[in-house]
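Number of protein chains: 2
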Amino acid sequence: MGRWKPDARGRLEQAALELYAELGFERTTVKDIARRAELTERTFFRHFTDKREVLFPASQPLEAGLVAAVREIPAGQEPLETLMAALRTLPGALADRRELARRRSAIVAATPVLQERELAKMASLTDALARELRERGVAELPAQLAAESAAAVFRTAFTRWIAPDEAPAELGVLLDRSLAELQHVVAAG
Amino acid sequence: MGRWKPDARGRLEQAALELYAELGFERTTVKDIARRAELTERTFFRHFTDKREVLFPASQPLEAGLVAAVREIPAGQEPLETLMAALRTLPGALADRRELARRRSAIVAATPVLQERELAKMASLTDALARELRERGVAELPAQLAAESAAAVFRTAFTRWIAPDEAPAELGVLLDRSLAELQHVVAAG
C-alpha cells in the first residue's frame with residue numbers, strides 16, 4: 037500500500053471512476069477502489085464518506101462555485117445576465133476535468149439511484165441561484181425563471197461538452213450557443 | 037365496510053391525503069386509508085399498487101395528457117408555441133382538483149423521498165415533451181430548451197395556483213403571466 041501522497045484524493049477519484057465503469061457502481065466496493073489507487077481504505081474514508089460521495093461531493097463544488105461567482109458580479113445587471121456571468125467562470129474551472137466529467141456522466145446515466153441524486157443536485161443548484169437573485173432584490177417569479185433558464189443553458193451546454201461523439205468545442209462557446217438558442221425559442225413562444 | 041361505489045378511487049384518494057397530512061406519509065398504512073374511506077384494503081389494491089401511487093399514479097395522467105395535447109396541435113408552429121398550446125388545455129382538466137393538488141403538494145414538500153419522486157416525474161415530463169418536438173422535426177437543442185422552458189412556466193404557474201396564501205387566480209392566467217415573465221427575463225439575459 038502506498039504512503040500518503042498529495043494527490044491521494046485525485047487517485048481515489050480516478051480509480052473509482054474506472055471501477056464503476058468496469059464493474060458497475062453497485063458492485064464496486066471501497067476496498068476495490070483503495071486497492072486500485074494503491075492506498076488504504078482508511079485513506080479513502082479520510083476523503084469520502086462512501087462510494088457515492090466520489091460522484092457527488094458533499095461540499096457541492098459546482099453549486100458553491102457558482103454562488104461565489106454570483107456574489108462577485110456587480111449589482112445592477114439583469115437577473116439572467118448575472119447568472120450567465122457566473123456560468124462563464126466555469127469553463128476555466130472545469131477545463132481539465134472534461135474526461136472525468138464524461139466518465140462520471142456515463143456512470144450516472146447507467147445507474148437509476150444516481151440519476152435521482154443528479155436531479156436533486158440540479159434542483160438544489162437552481163434553488164441556490166434563485167435565492168442569490170432574491171437576495172439581490174429580484175422578485176420571486178423572475179428570480180425563479182432566471183435560475184431555471186440558467187440551469188437549462190448550463191445543462192444543455194454541459195451535455196454537449198461531454199458528448200462522446202462531439203468534436204471538441206469549448207464550454208464557453210456552448211454556453212453562448214445555448215443562451216442564443218434559448219432566446220430564440222422563448223421569443224417565439 | 038362500504039360496498040363498491042362508482043367513486044371508490046376518489047374516496048380512497050381523499051382519505052389518503054387526509055391521513056398523510058394528519059399522520060405523515062411514512063406512518064400512514066393502507067389499512068388506515070381503507071378504514072377512513074369505508075372500503076376494504078382489497079378495494080384499495082384494485083386501484084393502487086401501494087400508498088405512494090395515490091400521489092404518483094403509474095399512468096402519469098399529467099404527462100400522458102400533455103403528450104396527447106401536443107399531438108392535437110397543428111404542425112407548423114414554433115416549438116414553445118406548440119407546448120404552450122398544450123399547457124393551456126390543463127386549466128380545464130385540473131379546474132376541480134385545486135384543493136387536492138394543494139394538499140398533495142404540502143405532503144410531497146414535507147417528505148424527502150416524495151420530493152425525489154416529484155423531481156423524477158418532472159424530468160420524465162420534460163423528456164417526453166422534448167421527444168414530441170423532435171418527432172415533429174425540431175432539432176435536439178431547441179427541442180430540449182423549449183421543453184425546459186415549458187416545464188419552468190408550468191411549475192411556476194402551478195406553484196402559484198396552489199399557494200395557500202394566494203388569492204384565487206386562474207391557472208390559465210398564471211401560465212400566461214409566467215410565459216410573459218420568462219420572455220422578459222430571457223430577452224434581457
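So the protein lines, in turn, are chains S and Y.
With positions in the first sequence counted from 1, the corresponding number in my numbering is that position plus 36.
With positions in the second sequence counted from 1, the corresponding number in my numbering is that position plus 36.
Where a beta carbon is used, it is the ideal one built from N, C-alpha and C, also for glycine.
On a predicted model such as this, the values are computed, not experimentally measured, just so you know.
Taking 9 Å as the upper bound on Cβ-Cβ separation, chain Y lies near residues Arg191, Thr192, Thr195, Arg196, Arg213, Ser214, Leu215 and Glu217 of the region 191 to 217 of chain S. Going by DSSP, S:Arg82 is part of the alpha helix (DSSP H) stretching over Glu77 to His83.
Across the region 178 to 192 of chain S, CB contacts with chain Y closer than 7 Å involve Pro178, Gln180, Leu181, Ala182, Glu184, Ser185, Ala188 and Thr192, in sequence order along the chain. For the pair of segments examined, the region 195 to 212 of chain Y was found not to touch the region 168 to 175 of chain Y: the number of CB pairs separated by less than 8 Å stays below three. For the options Y:Glu171, Y:Gln180, Y:Thr65 and Y:Lys157, the alpha carbon positioned closest to that of Y:Gly112 is the one of Y:Glu171.
By the Cβ rule, the region 112 to 132 of chain Y does not count as touching the region 47 to 56 of chain Y, because fewer than three pairs are nearer than 8 Å.
Secondary structure at S:Arg63: coil, using DSSP grouped into helix, strand and coil. Taking 8 Å as the threshold, the shortest C-beta distance from S:Pro115 to chain Y falls below it. In summary, Y:Leu75 is buried, with 16 or more beta-carbon neighbours lying within 10 Å of its beta-carbon over all protein chains present. S:Ala122 sits close to S:Ala105, with the two beta carbons spaced by under 8 Å.
Rounded to the nearest whole angstrom, the CA to CA distance from S:Thr85 to S:Ala73 is 17 Å.
In this structure, S:Ala156 keeps its C-beta atom at 8 Å or more from the C-beta atom of S:Ala183. Beyond the five residues adjoining it in sequence on each side, S:Ala188 comes within less than 6 Å, by CB distance, of no other residue in the same chain. Scanning chain Y for C-beta atoms nearer than 8 Å to the C-beta of S:Leu155 yields Glu152, Leu155, Ala156 and Ala159, reported in chain order.
The DSSP-derived three-state label of Y:Gly101 is helix.
For Y:Gln96, there are no neighbours in chain S by C-beta distance under 9 Å, as the nearest C-beta there is about 16 Å away. Using beta-carbon distances, Y:Gly173 does not count as an interface residue toward chain S, since no partner is under 8 Å. Across the structure, Y:Pro204 and Y:His220 are spaced so that their CA atoms are roughly 24 Å apart. Taking 7 Å as the Cβ-Cβ cut-off, the region 101 to 128 of chain S approaches chain Y at Glu114, Pro115, Leu116, Glu117 and Met120, given in chain order. When Cβ-Cβ separations below 8 Å define contact, S:Ala223 makes contact with chain Y. For Y:Glu77, the CB contacts under 8 Å within the same chain, skipping 5 residues up- and downstream, are Val66, Lys67 and Ala70 in chain order. In chain Y, no part has a C-beta under 7 Å from the C-beta of S:Gln50; the shortest such distance is about 29 Å.
DSSP places Y:Thr195 in the uninterrupted alpha helix (DSSP H) bounded by Glu176 to Trp197.
Following the DSSP letters along the chain, one finds Y:Asp86 in no alpha helix (DSSP H), marked with neither H nor E. Apart from sequence neighbours up to five positions away, the residues of its chain that approach Y:Pro115 with a beta-carbon distance below 7 Å are Leu169, Val174, Pro178, Ala179 and Ala182, ordered along the chain. Of the other Cβ atoms in all chains shown, 16 or more fall within 10 Å of the Cβ of Y:Ala52; this residue is therefore buried. Closest in C-alpha terms to S:Ala164, from the list S:Ala145, S:Gln96 and S:Glu54, comes S:Gln96. Taking Y:Ser185 as the centre and dropping the five residues before and after it, the same chain places the C-beta of Leu116 and Leu218 closer than 7 Å to its C-beta, in chain order. Check the Cα spacing between S:Glu54 and each of S:Arg140, S:Glu206, S:Thr162 and S:Leu150: the tightest is with S:Arg140. Shown here, S:Ser214 sits in a helix according to DSSP, grouped into three states. In its chain, beyond the 5 residues on either side, Val144 and Ala145 have a beta carbon closer than 8 Å to the beta carbon of S:Gln151.
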